[in-house]
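**Student:**
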Amino acid sequence: MDNFTTISSTIFTSFLASFVEIVEAFTIVLAVGLTNTWRSAFTGTALALIVLAVMIVVLGPILQLVPLTALQFVVGVLLGLFGMRWLRKAILRASGYIPLHDEEKAFREETEALSKQRGLGRADYLAMIAAFKAVLLEGVEVVFVVIAVGSTHGLTLYASLGALIACVLVIVTGLLVHKPLARVPENSLKLVVGLMLTSFSIFWTGEGLGVSWPGEDFAIVVFFVILSAFSAIAINLLKSSHSTLAKEQAL
Amino acid sequence: MTILRIIWEELIGMFIDDGALALFVLALIALVTVAIKWAGLDLLIGGGFLLVGYLAILAESVHRFAAKKRG
């Protein structure tokens, strides 16, 4: 059970986090390909993937030198910062305090920006840089999640598998529909990812300090449930205060 | 150099969005670490503090943001 919980939660977290990041990168690469040339889009993407591969090659051996408890603690702390940031944004988005992420809007904005650059002499270069930056920036987060959720239990391969499945799924779906994946419930997925990463953070920070959690790895599920209940309450409270604010502003 | 700057800025941005939230998380972990390692706090109670602390920090952060929006 523990083993199953650990492996499945590692794959699932890595898959979901990678999925939302790859959807965002895909939107920009698609905009570059359709507005400029597919050559620019693929060159930018390939260069970013090379930089990401170098990061993995450099970081991998360094992490293997760190003792397990220290690694759990460091990953726990970093995931705490990373996961809480996601969770905070997701709660504020769900309650209406910050706008929901919209892939169609992101696609429109990127297409407009690229169209304006089309007349310039360096249009191909600028389009390639746009694709490069999008894949690199979203890819860095994918690499971090894979390393963070995989390394502490020696499950980097499973975490990578989750990311790979997400990557293939987004690319295949994207190639089939040939437009931004706007129907993906990105904001809800981000809330789930924030909950999962924060749960992992509490678990590993505690383990790094020597805490033996009751139920061992199953404690991650308990943290997830507690954080979910807390987030649901926070979203409901903030939603009602936001609707009051909206009514006041309408008057 | 531009690539390195982009990576560096993204790495920082990945962990710090609301500065106070990041600071509180680090302070909580430091406090629990000191309490466990040097004050002999029971490990499980320390773990419980982490969970409760995270919830409190999250509540403070979203409440502060909402209050600021309401003016």
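If you're matching them up, the sequences are chains R and C in order.
FYI, the numbering for the first sequence is 1 to 251, going by this note's numbering.
FYI, the numbering for the second sequence is 252 to 322, going by this note's numbering.
Each residue gets a CB set at the ideal place from its N, CA and C atoms; glycine is no exception.
Note that the structure is predicted; figures quoted are calculated from it, not measured.
Counting only Cβ-Cβ distances shorter than 8 Å, please list the residues of the segment 288-308 of chain C near chain R, keeping chain order.
**Tutor:** Result list: K288, L294, L295, G297, G298, L301, L302, Y305, L306 and I308.
**Student:** Tell me which same chain residues have a C-beta within less than 7 Å of the C-beta of R/A219, skipping the five on either side of it?
**Tutor:** If you number the first sequence from 1, residue 219 of chain R lands on position 219. The answer, listed in chain order, is F203 and W213.
**Student:** With distances taken from CA atoms, which of R/M196, R/H101, R/R122 and R/I165 is nearest R/S5?
**Tutor:** Your numbering for residue 5 of chain R matches position 5 in the first sequence. The residue you asked about is not Ser; residue 5 of chain R is Thr in the sequence shown. Among R/M196, R/H101, R/R122 and R/I165, the Cα nearest to that of R/T5 is on R/M196.
**Student:** Determine the chain C residues that contact R/K133 at a beta-carbon separation under 8 Å, and present them in chain order.
**Tutor:** Your numbering for residue 133 of chain R matches position 133 in the first sequence. Neighbours of R/K133 on chain C, chain order: I257.
**Student:** Closest Cβ-Cβ distance between C/R315 and chain R: below 7 Å?
**Tutor:** For the purposes of this step, residue 315 of chain C is identified with residue 64 of the second sequence, where counting begins at 1. Closer than 7 Å: no.
**Student:** Just to confirm my understanding: we take R/A90, look at its own chain, exclude 5 residues before and 5 after, and list those with CB closer than 6 Å. What are they?
**Tutor:** By 1-based counting over the first sequence, the position of residue 90 of chain R is 90. Excluding sequence neighbours, R/A90 sits near K190, L191 and G194.
**Student:** So what does DSSP say about R/M1, is it helix, strand or coil?
**Tutor:** In the first sequence, the residue the question calls residue 1 of chain R occupies position 1. Here the model assigns R/M1 a pLDDT of 43, short of 50, so the residue's position is not dependable, and the following value carries that caveat. R/M1 falls in the coil class under three-state DSSP.
**Student:** Can you confirm whether R/S151, when its beta carbon is compared against all beta carbons of chain C, has any partner nearer than 7 Å?
**Tutor:** Indexing the first sequence from 1 puts residue 151 of chain R at position 151. No, R/S151 does not count as interfacial toward chain C.
**Student:** In terms of alpha-carbon separation, which member of R/V221, R/L155, R/H242 and R/A31 lies closest to R/E112?
**Tutor:** Residue 112 of chain R sits at position 112 when you count from the first residue of the first sequence. For the residues R/V221, R/L155, R/H242 and R/A31, the minimum Cα distance to R/E112 belongs to R/A31.
**Student:** Quick check on DSSP: helix, strand or coil for R/N36?
**Tutor:** The residue given as residue 36 of chain R occupies position 36 in the first sequence. Reduced to three states, the DSSP call for R/N36 is coil.
**Student:** Is the distance from the Cβ of R/A134 to the Cβ of R/S18 below 7 Å?
**Tutor:** As a working mapping, residue 134 of chain R is identified with position 134 in the first sequence. As a working mapping, residue 18 of chain R is identified with position 18 in the first sequence. Cβ atoms of R/A134 and R/S18: not closer than 7 Å.
**Student:** In three-state DSSP terms, what is R/R183?
**Tutor:** In the first sequence, residue 183 of chain R corresponds to position 183, counting from 1. R/R183: coil per DSSP, three-state reduction.
**Student:** Considering just the uninterrupted stretch of the alpha helix (DSSP H) at R/G210, what are its terminal residues?
**Tutor:** Walking along the first sequence from the start, residue 210 of chain R turns up at place 210. Element bounds for R/G210: n/a, residue is neither H nor E.
**Student:** Just curious, the alpha helix (DSSP H) that R/V66 is in, first and last residue?
**Tutor:** Stepping through the first sequence from its first residue, residue 66 of chain R is reached at position 66. Counting along the chain, R/V66 falls outside any alpha helix (DSSP H), and DSSP gives it neither H nor E.
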